[in-house]
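S.K.: Sending over a structure as structure tokens; questions will come in a sec.
In the numbering used here, the protein residues as written are 233 to 762.
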């Protein structure tokens with residue numbers, strides 16, 4: 233959308249008036265929807281909302297928010313879908329003069345302020361707004377939509393003393409991270425990173441909840457400390473975590489790219505089996521840290537939302553039922569795509585489809601092995617893979633993003649489960665890394681030598697990680713025997729493989745050969761039998 237196509241807000245009394253709820257109501261549903269559909273963080277891509285409206289506006293002014301000549305607010309957008317559901321998002325707003333030297337990219341509307349003209353835009357693009365937001369953390373600040381008792385509020389507060397946030401973050405340079413997805417992150421110098429949750433979900437955000445628990449209740453040091461929280465309190469009773477401030481790790485890179493960078497020479501080397509695995513030491517270290525994470529999350533405490541409970545036979549059956557549904561759904565979809573000529577490796581795909589009953593029977597075997605003692609249900613990461621781990625510049629690892637799978641409802645993401653669900657997620661991440669490294673060599677199935685090298689890389693990473701994870705003392709949250717641990721791990725890996733298959737078929741068809749290969753490997757040598 234060009235600036236000429238933008239709607240115009242008319243505020244004859246000046247820019248300040250332009251951020252009043254009454255003035256913003258000039259923006260129609262179609263205009264708001266057009267803006268949202270262009271945002272990467274909007275969760276309703278691919279389908280136009282039935283209706284979008286600005287339901288509340290909280291002006292950010294006064295108190296400790298020093299914005300100078302800036303006019304700023306946070307608007308809540310309620311988005312109705314065709315099925316009658318409503319999802320709420322938050323959008324910080326600011327206004328820039330039309331003759332400003334630097335124009336923002338996320339512009340919502342033109343502003344006719346009488347004697348002044350400008351643009352309404354996403355305020356996170358403005359360094360002055362980011363500085364003002366950083367400044368609001370030091371003393372803690374509350375902003376309200378009005379002075380009424382039922383006003384909407386945006387509450388900024390420190391956690392456990394705040395650490396680096398006690399300094400004035402507004403004095404540090406800030407930047408918006410470009411890897412924006414469902415959230416938007418702002419980095420303040422080398423001190424802190426602020427994550428704005430674009431979607432306002434009622435309840436407790438697990439990223440904040442687990443971060444707060446690990447920071448204040450345990451000695452686990454392999455996650456950035458939680459420094460501050462922003463809470464949204466709607467006048468209609470919608471209470472949500474609006475943002476979180478954490479310690480920043482300058483010079484870090486995610487473990488996914490680290491693993492690939494470390495291993496490319498291994499794939500280029502055509503030597504024999506004796507070639508040292510380039511990621512084994514890191515994988516073992518990551519296994520130990522993952523175990524420390526689960527030990528911390530399962531540690532004794534008086535917080536009811538973190539108290540472990542025994543995993544029963546009913547839980548095991550529930551997990552197996554979920555895996556069965558994943559298998560049925562994925563193989564049905566795979567068959568449709570094979571028949572339509574949309575799968576490259578037809579032979580392997582048909583082999584996986586033909587073994588449907590074997591996969592289902594294997595689940596029955598696993599349930600029988602696990603029995604009624606699957607350890608405990610604990611809080612866990614919920615979306616664990618190499619991309620959720622940072623390798624710091626001193627060579628250690630930090631685990632981030634405890635939000636869980638974003639597509640799942642918040643209540644599900646807060647549920648307890650087996651720690652081995654996280655383990656299975658990381659093992660599947662190794663499979664994706666190995667496949668990616670093979671594909672970089674020009675092999676998605678044609679070069680047998682490269683694929684053998686990929687299989688050795690994956691096997692070595694798995695063995696090292698599991699050695700680190702299981703090499704310590706026993707834990708009450710794990711099944712009591714190695715056989716049961718292997719069986720439950722295999723159950724979760726099976727579910728994950730077929731989830732990946734459906735996901736890739738629907739979103740990245742060119743990648744579907746990876747979970748197809750994973751399913752074929754399960755058939756050839758089930759993990760629980762190793």
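Positions of the beta carbon are idealized from the N, C-alpha and C atoms, including for glycine.
What is the rounded straight-line gap between the Cα of residue 276 and the Cα of residue 269?
M.R.: Mapped onto the chain shown, residue 276 falls at position 44. Mapped onto the chain shown, residue 269 falls at position 37. Going from the Cα of residue 276 to the Cα of residue 269 covers about 7 Å.
S.K.: Along the chain, which unbroken stretches of the beta strand (DSSP E) at least 3 residues long are found entirely within the segment 383-425?
M.R.: 385-390, 406-408, 415-420
S.K.: For the beta strand (DSSP E) containing residue 340, list its first residue and its last residue.
M.R.: Here residue 340 corresponds to residue number 108 of the chain shown, with the count starting at 1. Residues 339-345.
S.K.: Taking just the CA atoms, how far does residue 320 sit from residue 310?
M.R.: The count along the chain shown starts at 1 and reaches residue 310 at position 78. The count along the chain shown starts at 1 and reaches residue 320 at position 88. The straight-line gap from Cα to Cα measures roughly 4 Å.
S.K.: Using a Cβ distance threshold of 8 Å, determine whether the segment 591-599 contacts the segment 552-565, with at least three qualifying pairs required.
M.R.: yes
S.K.: With H, G and I counted as helix, E and B as strand and the rest as coil, what does DSSP make of residue 288?
M.R.: For the purposes of this step, residue 288 is identified with residue 56 of the chain shown, where counting begins at 1. Three-state DSSP puts residue 288 in a strand.
S.K.: Closer than 8 Å by C-beta to residue 528: which residues in its own chain qualify, once you throw out the five before and the five after it? Chain order, please.
M.R.: Looking up residue 528 in the chain shown gives position 296. Here the set comprises 446, 450, 451, 452.
S.K.: Please state the DSSP three-state secondary structure of residue 610.
M.R.: Locating residue 610 in the chain shown gives position 378, where the first residue counts as 1. It is a strand residue.
S.K.: Could you give the distance in angstroms between the alpha-carbon of residue 650 and the alpha-carbon of residue 478?
M.R.: As a first step, residue 650 must be located in the chain shown, where it is residue number 418. As a first step, residue 478 must be located in the chain shown, where it is residue number 246. In a straight line, the C-alpha of residue 650 is about 27 Å away from that of residue 478.
S.K.: Note the first and the last residue of the continuous alpha helix (DSSP H) segment covering residue 632.
M.R.: Locating residue 632 in the chain shown gives position 400, counting from the first residue. Taken as a continuous stretch (DSSP letters only), residue 632 belongs to no alpha helix (DSSP H), as it is neither H nor E.
S.K.: In three-state DSSP terms, what is residue 763?
M.R.: An answer regarding residue 763 cannot be provided, because it is not within the stretch 233 to 762 covered by the chain.
S.K.: Excluding the 5 residues preceding and the 5 following residue 744 in the sequence, name in chain order all residues of the same chain whose CB lies nearer than 6 Å to its CB.
M.R.: As a position in the chain shown, residue 744 is number 512, starting the count at 1. For residue 744, where only same-chain residues beyond five positions count, the Cβ hits under 6 Å are 736, 737.
S.K.: Taking buried to mean at least 16 other C-beta atoms within 10 Å of its own C-beta, is residue 633 buried or exposed?
M.R.: If you number the chain shown from 1, residue 633 lands on position 401. It counts as buried.
S.K.: For residue 565 and residue 423, what's the separation of their Cα atoms in angstroms?
M.R.: Within the chain shown, residue 565 is the residue found at index 333, counting from 1. Within the chain shown, residue 423 is the residue found at index 191, counting from 1. Roughly 47 Å separates the two Cα atoms.
S.K.: Going by C-alpha distance, which of 685, 750, 425, 716 is nearest residue 731?
M.R.: The residue given as residue 731 occupies position 499 in the chain shown. Among 685, 750, 425, 716, the Cα nearest to that of residue 731 is on 750.
S.K.: Give me, in chain order, the residues of the same chain whose beta-carbon lies closer than 6 Å to that of residue 285; leave out the 5 immediate sequence neighbours on both sides.
M.R.: Taking the first residue of the chain shown as 1, we reach residue 285 at position 53. So the qualifying residues of the chain are 310.
S.K.: Hey, residue 289 and residue 256: beta-carbon distance below 8 Å or not?
M.R.: Here the question's residue 289 lines up with position 57 in the chain shown. Here the question's residue 256 lines up with position 24 in the chain shown. Yes, the pair counts as a contact, with Cβ atoms nearer than the cut-off.
S.K.: Just to confirm the assignment, what range does the alpha helix (DSSP H) spanning residue 564 have?
M.R.: Taking the chain shown and counting its residues from 1, the one referred to as residue 564 is at position 332. Segment 545-571, the alpha helix (DSSP H) holding residue 564.
S.K.: In terms of residues, what are the limits of the alpha helix (DSSP H) holding residue 335?
M.R.: For the purposes of this step, residue 335 is taken as the residue at position 103 of the chain shown. The continuous stretches of alpha helix (DSSP H) do not include residue 335, and DSSP gives it neither H nor E.
S.K.: Can you give me the start and stop residues for the beta strand (DSSP E) that residue 351 sits inside?
M.R.: Sequence index remark: in the chain shown, residue 351 carries index 119 (1-based). It spans 348-354 - the beta strand (DSSP E) in which residue 351 sits, taken as one unbroken run.
S.K.: How should residue 620 be labelled, buried or exposed, when 16 other C-beta atoms within 10 angstroms of its C-beta is the threshold for buried?
M.R.: Residue mapping note: residue 620 aligns to position 388 of the chain shown, counting from 1. Its Cβ being crowded by 16 or more others within 10 Å, residue 620 is buried.
S.K.: Going by the beta-carbon positions, is the gap between residue 251 and residue 342 smaller than 8 Å?
M.R.: In the chain shown, the residue the question calls residue 251 occupies position 19. In the chain shown, the residue the question calls residue 342 occupies position 110. No, these two residues do not count as a Cβ contact at 8 Å.
S.K.: Going by the beta-carbon positions, is the gap between residue 476 and residue 439 smaller than 8 Å?
M.R.: Translated into the one-based positions of the chain shown, residue 476 becomes position 244. Translated into the one-based positions of the chain shown, residue 439 becomes position 207. Against a cut-off of 8 Å, the Cβ pair of residue 439 and residue 476 comes out as a contact.
S.K.: So residue 497 packs on residue 482, CB below 8 Å; how close in whole Å?
M.R.: Translated into the one-based positions of the chain shown, residue 497 becomes position 265. Translated into the one-based positions of the chain shown, residue 482 becomes position 250. The Cβ separation is near 27 Å, so there is no contact.
S.K.: Have a look at residue 327 and residue 702 and give me their C-alpha separation to the nearest angstrom.
M.R.: The residue you call residue 327 lines up with position 95 of the chain shown. The residue you call residue 702 lines up with position 470 of the chain shown. If I take the Cα positions, the gap works out to 55 Å.
S.K.: What are the partner residues of residue 475, as DSSP defines its beta bridges?
M.R.: Within the chain shown, numbered from 1, the residue matching residue 475 stands at position 243. Bridge pairing for residue 475: 428, 462 [DSSP].
S.K.: Per DSSP, residue 327 forms a beta bridge with which residues?
M.R.: Looking up residue 327 in the chain shown gives position 95. BP columns for residue 327 point to 352.
S.K.: DSSP three-state label for residue 358, please.
M.R.: Along the chain shown, one-based indexing puts residue 358 at 126. Coil, per DSSP.
S.K.: So, for residue 472: in the same chain, excluding its five sequence neighbours on each side, which residues have a beta-carbon less than 7 Å away from its beta-carbon?
M.R.: For the purposes of this step, residue 472 is taken as the residue at position 240 of the chain shown. Hits under 7 Å: 432, 433, 434, 464.
S.K.: Roughly how many whole angstroms lie between the Cα atoms of residue 243 and residue 235?
M.R.: Start at 1 with the first residue of the chain shown, and residue 243 comes out as number 11. Start at 1 with the first residue of the chain shown, and residue 235 comes out as number 3. Straight-line Cα distance between these residues: approximately 18 Å.
S.K.: Using a Cβ-Cβ cut-off of 6 Å (strictly less than) and excluding sequence neighbours within five positions of residue 297, which residues of its own chain qualify?
M.R.: The residue you call residue 297 lines up with position 65 of the chain shown. Low confidence applies here, because residue 297 scores a pLDDT of 45, under 50, leaving its location unreliable; read the following figure in that light. Correct list, in chain order: 364, 368.
S.K.: Do you know whose CA, among 629, 468, 563, 663, lies nearest residue 487's CA?
M.R.: Counted from its first residue, the chain shown places residue 487 at position 255. The option with the nearest alpha carbon to residue 487 is 629.
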